[in-house]
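Engineer: Following this message is one structure expressed as structure tokens.
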Amino acid sequence: MKLVAIATLILLATLALYLTAAETLSPPKPITDCNYLLAVLKKVLVEVLNESPVGEHYAEVMLQAQVDPSLSSLHEKVYGAILEYYSLLTGEYEGSEAFRKLAEVYEGVDSTFQYLQKLHSCSPDHETAYALRASVELMLSELKIRIGELEAIISQRDSLVTIETDRDTYVAGEEIHATIALKNSTCMISNVYVSTGLEVLGDAIFQCSSTQCNVSFPTPPAHLIERYVGRERTLRIALTAEAVCGEVVYKPYKRITVLYSYPRIVVEAPSKIVKGEFLNLTIYSETPVEAQGIITIRNKAGETLIGNITVSTTPLVTILKHFRIRFRLWRERDSSVR
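The sequence shown begins at 246 in our numbering and counts up one residue at a time.
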């Protein structure tokens, strides 16, 4: 809270400085305080994420600000991208021009990460700079999500083909149902598929009438998307339709969030047993899941399969002779990621 207040006061001082400079026709000195630039960027992004017009005003002021020559190129890209984002929010651009501006905004967000790195390195107070940088990086991650949502809106704006789902968030294992509206009798759907944005995960089943197509597909199984699921245990997928209306090709898409869970598997066993005794194992899951797995024993002679098991919330008790135990779960359940 104190940091935001300081950033606001400094920013107001900057505004006053530039108003005075305009009146005297004497340009202000370049800003060289990297901590200040970090604090102002954080303040601007707070306003941007709140979709407040104040953020646009701050960005305009900062775009005109003179900074150290080593920062000026990135500085202009960052604040220029923020202003373009506001233009897209207000619907200033349409069609191909809107998508071109979106690409510039994405590039600007990437430049912001470079800008942060430079500001951090030139800051005299690295501890404060680190805290500011971490906070701004979280905001940039949220901004990228917002840009993706805006891209989906633009892709369907004034389109002859639009996609709707009953909700935006699903739990892994659920079936997703969508409706593709065809606003012109010449429109035909040739394909509907699901992707992460980087990789196509599979085609969706669809049935069409003259005015709409009904689509259904399962949420992607965990073993297909494990590398895309972050610490938040969420995956944003895109449902894309390929359509032809007359001689025009449309590719509208809908962003969908899928929630995944990590099973908490517990293996209980005594820490020490005497040679010749049996080893009692109790295996269960602390989360509602039913996962297939195997138990093997391993010694100097090699590894031997003991048997297949099913792990659930019901404790599974297994008695084994004194061997070194290796417990392994398959990762093929739709609702869990190891």
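Glycine included, C-beta positions come from ideal geometry on N, C-alpha and C.
Small disclaimer: the values here were computed from a predicted structure and weren't measured.
Reducing DSSP to helix, strand and coil, say where Gln311 ends up.
Structural biologist: Three-state DSSP puts Gln311 in coil, outside helix and strand.
Engineer: Since Lys499 is in the beta strand (DSSP E), which residue starts that stretch and which ends it?
Structural biologist: Lys499 -> beta strand (DSSP E) spans 498-504.
Engineer: First and last residue of the beta strand (DSSP E) that includes Leu446?
Structural biologist: Counting along the chain, the beta strand (DSSP E) containing Leu446 begins and ends at 445-448.
Engineer: Got a sec, what are the start and stop residues for the alpha helix (DSSP H) Ala467 sits in?
Structural biologist: From DSSP, the alpha helix (DSSP H) with Ala467 extends over 467-470.
Engineer: Going by beta carbon distance, what residues of the same chain come within less than 8 Å of Glu329, once the five residues before and after it are set aside?
Structural biologist: Lys346, Glu349, Val350, Gly353.
Engineer: Within 10 angstroms of its Cβ, does Lys499 collect 16 or more other Cβ (buried), or is it exposed?
Structural biologist: By the neighbour-count rule (16 or more Cβ atoms within 10 Å), Lys499 is buried.
Engineer: Please look up how many angstroms separate the CB atoms of Leu377 and Leu283, rounded, as I've assumed it's under 8 Å.
Structural biologist: Yes, they are in contact, since the Cβ atoms of Leu377 and Leu283 sit about 4 Å apart, within 8 Å.
Engineer: Can you name the residues that DSSP bridges to Glu548?
Structural biologist: According to DSSP, Glu548 bridges with Arg543.
Engineer: Which value, in whole angstroms, describes the spacing of the CA atoms of Ser318 and Cys367?
Structural biologist: In a straight line, the C-alpha of Ser318 is about 16 Å away from that of Cys367.
Engineer: My guess is that Thr424 and Asn459 are in contact by the Cβ rule of under 8 Å, so how many angstroms apart are they, rounded?
Structural biologist: Contact flag correct, Cβ pair sits at about 6 Å.
Engineer: Check this for me: beta carbons of Tyr360 and Val323, under 7 Å apart or not?
Structural biologist: Yes, Cβ-Cβ distance for Tyr360 and Val323 is below 7 Å.
Engineer: Indicate whether Val299 and Glu305 have their beta-carbon atoms separated by less than 7 Å.
Structural biologist: Against a cut-off of 7 Å, the Cβ pair of Glu305 and Val299 comes out as no contact.
Engineer: Spatial neighbours of Ile421 within its chain, please: CB distance less than 6 Å, with the 5 preceding and 5 following residues excluded, ordered by chain position.
Structural biologist: Only Tyr415, Phe462 meet the Cβ criterion.
Engineer: Taking buried to mean at least 16 other C-beta atoms within 10 Å of its own C-beta, is Glu301 buried or exposed?
Structural biologist: The residue in question, Glu301, is buried, as its Cβ has 16 or more Cβ neighbours within 10 Å.
Engineer: Cutting at 7 Å between CB atoms, please list the residues of its own chain near Glu268, excluding the five before and the five after it.
Structural biologist: Reliability of the predicted coordinates at Glu268 is poor, the pLDDT of 35 falling under 50, and the value obtained from them is presented with this limitation in mind. There are no such residues.
Engineer: What is the residue span of the alpha helix (DSSP H) that Asn280 lies within?
Structural biologist: Per DSSP, Asn280 belongs to the alpha helix (DSSP H) from 279-294.
Engineer: Which residues bound the beta strand (DSSP E) around Thr485?
Structural biologist: Where Thr485 is concerned, the enclosing beta strand (DSSP E) stretches over 479-490.
Engineer: Tell me, which residues are paired with Val416 by DSSP?
Structural biologist: Answer is Leu504.
Engineer: Evaluate Ile584 with the Cβ neighbour count: other Cβ atoms within 10 Å of its Cβ, from every protein chain shown; 16 or more gives buried, anything less gives exposed.
Structural biologist: Nothing about residue 584 can be read from this structure; the chain reaches only from 246 to 583.
Engineer: For Val312, which option in Gly336, Val285, Gly393 has the closest C-alpha, if you only look at C-alpha atoms?
Structural biologist: Of the candidates Gly336, Val285, Gly393, the one whose C-alpha sits nearest the C-alpha of Val312 is Val285.
Engineer: Take Ser332 as the anchor and find which of Leu469, Glu296, Thr407, Gln309 has the nearest alpha-carbon.
Structural biologist: The candidate whose alpha carbon is nearest that of Ser332 is Glu296.
Engineer: State the CB to CB distance for the pair Ala467 and Tyr505, rounded to an integer number of angstroms; the pair is presumed to be in contact (CB under 8 Å).
Structural biologist: Between Tyr505 and Ala467 the Cβ distance is about 6 Å, and since that is below 8 Å, they are a contact.
Engineer: Run through DSSP, which three-state label would Leu565 get?
Structural biologist: Strand.
Engineer: So, Arg509 versus Glu531, is the Cβ gap smaller than 7 Å?
Structural biologist: Yes. Within cutoff.
Engineer: Cutting at 6 Å between CB atoms, please list the residues of its own chain near Leu264, excluding the five before and the five after it.
Structural biologist: Any reading at Leu264 needs caution, since the residue's pLDDT is 35, under 50, leaving its predicted position unreliable; the model's value is listed next. There are no such residues.
Engineer: Excluding five sequence neighbours on each side, which residues of the same chain lie with their C-beta closer than 8 Å to the C-beta of Thr555?
Structural biologist: Glu535, Ala536, Gln537, Gly538, Leu561, listed in sequence order.
Engineer: According to DSSP, is Tyr338 helix, strand or coil?
Structural biologist: Coil, per DSSP.
Engineer: Which residues in the same chain have their Cβ closer than 7 Å to the Cβ of Thr373, if we skip the five residues on either side of it in sequence?
Structural biologist: Same-chain partners within the cutoff: Asn280.
Engineer: Looking at the unbroken beta strand (DSSP E) that takes in Val512, where does it start and where does it end?
Structural biologist: That run of the beta strand (DSSP E) goes 510-513.
Engineer: Find out if the Cβ-Cβ distance for the pair Ser435, Lys287 is shorter than 7 Å.
Structural biologist: Result no, Cβ atoms of Ser435 and Lys287 do not sit closer than 7 Å.
Engineer: DSSP three-state label for Glu268, please.
Structural biologist: Interpretation of Glu268 is limited by its pLDDT of 35, a score under 50 that renders its predicted location unreliable; no figure is taken from the coordinates.
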